[in-house]
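Student:
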Amino acid sequence: MQTLIRIKPHHFLDIITSFGGGQRTFEPSPYGHAVHTVSERILSDRTVPLELALGMDDICAPCRKNQDGVCVDTIDTSFRPEAPSSKGAWNERIDLRWFERLGLKQGERLTASGNADLMLRVPKLKLTLEP
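Residue numbering for the sequence shown follows the numbering used here, beginning at 128 and increasing consecutively.
Set out below in structure tokens:
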């Protein structure tokens with residue numbers, strides 16, 4: 128049985144758009160998050176089960192900015208004054224928009240390819256897990 132990946136919608140989108148843009152390897156981050164290992168799992172097995180998450184996911188879990196399940200990182204709001212300075216709050220805002228656009232809810236499960244197929248239905252968005 129495959130191990131489930133808990134993932135935020137925007138993290139999944141980041142992975143497949145990077146892949147679609149030609150990125151084939153993901154390096155460990157100085158922040159210590161797991162984007163490199165989660166990306167590798169998703170891109171090597173399109174049937175891997177995903178559970179859509181808000182808050183901490185499997186990418187965030189080992190990050191040095193994760194303190195007791197809360198992201199304490201901040202973002203530069205100078206070019207986005209309406210954004211909260213909390214990266215966690217900003218990411219939640221983005222992910223709630225994705226849930227709404229895709230007609231999904233936190234905790235729903237689907238495969239990596241199924242999630243990509245749903246995102247393809249969003250106008251002007253071209254995504255694929257194919258090389």
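We put the CB at the ideal spot given by N, CA and C, even for glycine. Given the structure is predicted, the values throughout are model-derived calculations rather than measurements.
1) Rounding to the nearest angstrom, what Cα-Cα distance links residue 172 and residue 239 in this structure?
2) Quick one: what does DSSP say residue 133 is sitting in, helix, strand or coil?
3) Which whole-angstrom value is the C-beta distance of residue 178 and residue 236, which I expect to be below 8 Å?
4) Does the count of Cβ pairs from the stretch 129-139 and the stretch 212-229 closer than 8 Å reach three?
5) Of all the alpha helix (DSSP H) runs that stay within the bounds of the stretch 162-228, which reach a length of 4 or more residues?
6) Can you grab the Cα-Cα spacing for the pair residue 234 / residue 157, in whole Å?
7) Taking DSSP as the reference, what is the three-state secondary structure of residue 238?
8) So residue 134 packs on residue 188, CB below 8 Å; how close in whole Å?
9) Can you find the residues in the same chain that come closer than 6 Å, C-beta to C-beta, to residue 131, ignoring five residues on each side of it along the sequence?
Tutor: Short version:
1) 8 Å
2) strand
3) 5 Å
4) yes
5) 162-171
6) 29 Å
7) strand
8) The Cβ separation is near 11 Å, so there is no contact.
9) 176 and 178
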